[in-house]
Amino acid sequence: MASPNNQNSADSSVKQSLEAGLTALKARDYPRAIALLESVAESAADRPLGTRAQMGLVAAYKATGNLKKAIALCTSLTKNPNTQIKIWADRTLAELINRRPPKPPETPPETGFVAFEVGTELPKISPTADKPSADPKTEFVAFEQTSGQKNLKSPHIPPPPTPPKPPQVKNSEPEASTTTAPDRDSATDIPEVVTPDTYELSWRNSGRAPAGWRKLKAMKLEGLWVEAIASTIALFFLTRFILEFLLTNINSLLVQLYIFTRLPFFAPIQLFYRDPTQFIQFIFGLLLASSPWLTDALLKLICGLEPLGGITLLKSSKEANRVIRSFCKQQNMPAPMLKLLPIDVPVAFSYGCLPRFARIVVSQGLLDQLTEDEIATIVARELGHIAHWDFAPMSLAVLVMQIPYMIYWQVTYWEERLSALITIEFFRSIVKVLAAGISAGSYGIYKLLRWPMLWVSRHRVYLSDRTAAEITGNPNGLTRALAKIAIGMAKNLEQQQQTSFFLEGFDLLFPVGVREAVTLGSAGLHAPLEQILLWDVSNPFRNWLTVNSGHPLMGERLKLLALYAQFWQLEAELDLANLGTLQPTKHKFLLFNLFKSIFGAGTKSSAGTNSRAGSKFRAGTGAPPLLLQGAPFFGIPMGLAIVGVLWLIGGIFSRTSFWQLDWLWGDRSILWGCLPIGFCLGTLIRINDFFPDIPPRNIAEPSLPQILSNSETLPLDAQAVRLQGQLLGRSGMANWLGQDLILQTATGLVRLHYVSRFGPIGSLFPTPTRPSDLLGKSVVATGWLRRGANVAIDLETLRSQDGRVSHSGHPIWSAILAFAAAFWGAYIIFQGEMNRF
1 MASPNNQNSA DSSVKQSLEA GLTALKARDY PRAIALLESV AESAADRPLG
51 TRAQMGLVAA YKATGNLKKA IALCTSLTKN PNTQIKIWAD RTLAELINRR
101 PPKPPETPPE TGFVAFEVGT ELPKISPTAD KPSADPKTEF VAFEQTSGQK
151 NLKSPHIPPP PTPPKPPQVK NSEPEASTTT APDRDSATDI PEVVTPDTYE
201 LSWRNSGRAP AGWRKLKAMK LEGLWVEAIA STIALFFLTR FILEFLLTNI
251 NSLLVQLYIF TRLPFFAPIQ LFYRDPTQFI QFIFGLLLAS SPWLTDALLK
301 LICGLEPLGG ITLLKSSKEA NRVIRSFCKQ QNMPAPMLKL LPIDVPVAFS
351 YGCLPRFARI VVSQGLLDQL TEDEIATIVA RELGHIAHWD FAPMSLAVLV
401 MQIPYMIYWQ VTYWEERLSA LITIEFFRSI VKVLAAGISA GSYGIYKLLR
451 WPMLWVSRHR VYLSDRTAAE ITGNPNGLTR ALAKIAIGMA KNLEQQQQTS
501 FFLEGFDLLF PVGVREAVTL GSAGLHAPLE QILLWDVSNP FRNWLTVNSG
551 HPLMGERLKL LALYAQFWQL EAELDLANLG TLQPTKHKFL LFNLFKSIFG
601 AGTKSSAGTN SRAGSKFRAG TGAPPLLLQG APFFGIPMGL AIVGVLWLIG
651 GIFSRTSFWQ LDWLWGDRSI LWGCLPIGFC LGTLIRINDF FPDIPPRNIA
701 EPSLPQILSN SETLPLDAQA VRLQGQLLGR SGMANWLGQD LILQTATGLV
751 RLHYVSRFGP IGSLFPTPTR PSDLLGKSVV ATGWLRRGAN VAIDLETLRS
801 QDGRVSHSGH PIWSAILAFA AAFWGAYIIF QGEMNRF
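If you're matching positions, the sequence shown starts at 1 in the UniProt record's numbering and goes up one per residue.
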């Protein structure tokens, strides 16, 4: 293996050859340029330098009249997943084809296709490259329109002007370096490659709507209210189920201890056998009525909540103060009480039970890091939550979730201190076992209680964004504000070296989700936002992959804000409005393709190469990849199908003399037993594609912007990766389950998913090396990279520089879970048969 010095020397030589080739190209010394650029394209084919050399070769071939090679090379570049390179290649290819002389009829057409290297690293391209033109098929009907008006092309409103190309990135090379020879045919408008080290984030500071701007179409809030009521009811019944489960199992444990020891204080508690419905109703009502004051006290305890005086707000944003007064007067509601969190992370949220008792909380970091108009847009968002009445159920839900979360937090806090005080190892072990069980169980309950509120949480964010844009007429200001909040959250995490308990516990109330902010906020400092948000606005299956998220995709939100800007004929802060969804191909025989994809038949991938079904699926292959992605859950309907077949067999034999099988007809134990068996089948169908073999060598080491820029991937498309960086996260028992593991790489932050080989329970047992033991150290993470609504790596190993290794067991645990479900289903069926006899 080459030494680092030799490797650096080789990189320097390749870079010098590239610069010399581009210089020769600009000097119109085409033979020398072609010789140098061809050597670079061959030696650095899988790197950004090689991609730029190929782009230079296209220009050189074009200038020398070698259109065949130029078209072939340009065709391969159109397959590049980087949007800006693809746009450049498409435009150049169209010019080449137009210039190409027609061939005689007897000559077969030349396709000029060059196979695309899948492993090629995506170059970072300056956003000064040409932007995609507006899609005339795009329709946005959320605005107030007259009959027949589409795509903002009414006879009264001229289409918005084409925005200029703002210099978002400051390149180290002078602008003259991209100038071309006087000959128009030899133009070499090659986009500059911007590395994460040289990229510098800047803002266009696009304007706002002029006075008297047109109103957007009135929103219909009935759907939001129905979702809020349904989610609150679901939260109530889930809480009731969890409490009944805990009380019943506590009494069962006490009964077993009493039988074993005959000690009277192990007698079961009779109160635990009562129906807890009325108790939970009382607690929910009490929490809702007192939510303003309880949340005040909780935030005072955690972060030192303070009143926010009007003078303080005026110093930071006069517009925010004006927005509060005018909007509350317009809505005929009292002005909310303003509070301040003296912390550096930029956050804002609202809570309360009624508008007259509502609070709007902003942090000092928000006031310091955002401009006056951006602060006003965030305050307007919170006013929208209060006006829509969605703040009340969310306040109740967050308080309910805080009960198990505070238990998890406090138990881990006191365990660390008690273990330091206790000197006897036996008692210290008892404390650890009890604390581990309570903290892990409490954290699991907190995660379960989030589920019922995710649906309404995502919907309310869209509506509050729209309200803020309409109140202020400043969708561009809200775009900058949301992006800066994400960047500020990522910076705070890097400074604190962990995700704070406050950020995780109150995540559903924030304008930006913490998990999304960690990745996007850190990557936004190393690549253009349009590039890293491409997946959010173009992946056809993205909405299905947000079911576990409390916030909608950031790209979707910013795209809507760009459309609002278009409606008011403004230049958008980010060019996302014209990026549409990649539509999956419609299959004539969808069921056949679905069956083929599920059971692993070979198929053709979109790139034209053979691959196992599911492992290389892309958006163009249709519905099967999504079904394979959710195979464990779609396996449950498969179990129901098995039930139907068995019942049919039983019904047929019940009408014949074969009485041995007539018991199958209508047996409910088969119904309940086949559901977990179906889950097992779905898990086993997916497991090989979900966890492909990791080769010992040549594992990809992509940068974070490169990961985010691929718009067609699914979590199913697992990529074996090995990334190096510093491990961040909470220390001690608070991270035994891997709740907060983050890898800080050179190009951003990536979350790590860890699970013991025996599942969450295995994480509570003694382990030679836990991931939390490697916090603050330089580590190498090996595992499966997954791109969905969030980016994460399912760990296989985590290795520190001193040789310590922590092993994760995602494939093993998935297999154990699948077989456990199958045995459970078989047990249910067996018990049903025994009871029948």
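All C-beta atoms in this analysis are idealised placements derived from N, C-alpha and C, irrespective of residue type, glycine included.
Is Tyr-827 buried or exposed, if buried means 16 or more other CB atoms sit within 10 Å of its CB?
Around the beta carbon of Tyr-827, a 10 Å sphere encloses fewer than 16 other beta carbons of the protein chains shown; the residue is thus reported as exposed.
Is there contact here, the segment 543-562 with the segment 763-778, by at least three beta-carbon pairs under 8 Å?
Short answer: they don't touch.
If we ignore side chains and look at the alpha-carbon of each, how far apart do Phe-502 and Cys-303 end up?
Going from the Cα of Phe-502 to the Cα of Cys-303 covers about 8 Å.
Nearest-angstrom Cβ-Cβ length linking Ser-363 and Ile-343, presumed shorter than 8 Å
Indeed, because the Cβ distance is near 5 Å, the residues count as touching under 8 Å.
Cβ separation of residue 839 and Arg-787, assumed to be a contact under 8 Å, to the nearest whole Å:
This structure gives no information on residue 839, because the portion of the chain shown stretches from 1 to 837.
Span separating the alpha-carbon of Val-805 from that of Phe-690:
Going by the C-alpha atoms only, they are around 23 Å apart.
Run the CB neighbour count on Arg-381, radius 10 Å, all protein chains shown included, and call it buried at 16 or more, exposed below.
Flag for Arg-381 reads buried.
In chain order, what residues of the same chain have a beta carbon less than 8 Å from the beta carbon of Pro-276, not counting five sequence neighbours either side?
So the list reads Arg-240, Leu-243, Glu-244, Leu-247, once near-sequence residues are dropped.
Is the number of C-beta pairs between the segment 393-410 and the segment 468-478 that are closer than 8 Å three or more?
In short, these stretches do not touch, since the Cβ pair count stays below three.
What are the boundary residues of the beta strand (DSSP E) that includes Gly-521?
Careful: Gly-521 lies outside any beta strand (DSSP E), inside the alpha helix (DSSP H) at 514-523.
Would you list the one or two residues that DSSP bridges to Trp-784?
Trp-784 is bridged to Ala-720, Asp-794.
Collapsed DSSP secondary structure at Arg-799 in the structure displayed:
Here Arg-799 carries a strand assignment [DSSP, helix/strand/coil].
Consult DSSP for Phe-349 and reduce its assignment to one of helix, strand or coil.
In the structure shown, Phe-349 sits in a strand (DSSP, three-state: E or B).
Count the other C-beta atoms from every protein chain shown that fall within 10 angstroms of the C-beta of Phe-327, then say buried if there are 16 or more, exposed otherwise.
So Phe-327 counts as buried.
Is the CB-CB distance between Leu-238 and Leu-448 below 8 Å?
The answer is yes: Cβ separation under 8 Å.
Nearest-angstrom Cα separation, counted from Glu-319 out to Thr-78
Approximately 46 Å, taken between the alpha carbons.
Could you give the C-beta distance for Tyr-754 and Pro-771, rounded to a whole number, given that I count them as a contact under 8 Å?
So it is a contact: roughly 5 Å between Cβ atoms.
Three CB pairs or more closer than 8 Å across the segment 482-497 and the segment 693-708
Under the Cβ criterion (8 Å, minimum of three pairs), the segment 482-497 does not count as touching the segment 693-708.
Pairs of beta-carbons, one from the segment 41-60 and one from the segment 12-24, closer than 8 Å: are there three or more?
With a cut-off of 8 Å, the segment 12-24 and the segment 41-60 count as touching, because enough Cβ pairs lie within range.
From Phe-633 to Ala-641, what distance separates their C-alpha atoms?
Taking the Cα positions, Phe-633 is about 14 Å away from Ala-641.
Just verifying my parser: in three-state terms, what is the DSSP assignment at Lys-339?
Strand, per DSSP.
Which class does Gly-732 belong to by DSSP, given the choice of helix, strand or coil?
Three-state DSSP puts Gly-732 in a helix.
Could you give the uninterrupted runs of the alpha helix (DSSP H) lying entirely in the segment 8-48, keeping only those of 4 residues or more?
Listed in chain order, they are 30-43.
Could you give the residue range of the beta strand (DSSP E) that holds His-753?
Looking at the DSSP string, the run of the beta strand (DSSP E) that includes His-753 is 748-753.
Per the contact definition of three or more C-beta pairs closer than 8 Å, is the segment 368-388 in contact with the segment 417-425?
No contact exists between the segment 417-425 and the segment 368-388.
Close beta carbons around Gly-809, own chain, < 7 Å, minus the five adjacent residues each side:
Hits under 7 Å: Val-755, Ser-756, Arg-757.
Does DSSP put Ala-209 in a helix, a strand or coil?
Reduced to three states, the DSSP call for Ala-209 is coil.
In angstroms with no decimal places, state the Cα-to-Cα distance between Gly-682 and Ser-442.
So the two alpha carbons sit approximately 29 Å from each other.
Looking at the unbroken beta strand (DSSP E) that takes in Arg-542, where does it start and where does it end?
Element bounds for Arg-542: n/a, residue is neither H nor E.
In whole angstroms, give me the CA-to-CA distance for Asp-507 and Leu-741.
Rounded to whole angstroms, the separation of the alpha carbons of Leu-741 and Asp-507 is 17 Å.
Is the segment 488-500 in contact with the segment 726-737, if contact means three or more CB pairs nearer than 8 Å?
The segment 488-500 is in contact with the segment 726-737.
Under three-state DSSP, which class holds Pro-771?
Pro-771 falls in the helix class under three-state DSSP.
Just confirm the distance between the C-beta atoms of residue 877 and Ala-481, as a whole number of angstroms; I'd bet it's less than 8 Å.
A question about residue 877 goes unanswered here, because the residues of the chain that appear run from 1 up to 837.
According to DSSP, is Thr-423 part of a helix, a strand, or is it coil?
Collapsing the DSSP output to three states places Thr-423 in coil.
Beta carbon of Leu-640: closer than 7 Å to some heavy atom of the ligand ADP?
Judged by which ligands are present, the structure shown has none, so any question about the ligand ADP falls away.
Assigned exposure category for Pro-159 - 16 Cβ within 10 Å defines buried
Note that Pro-159 scores 37 on pLDDT, short of 50, meaning its location in the model is unreliable and no value can be drawn from it.
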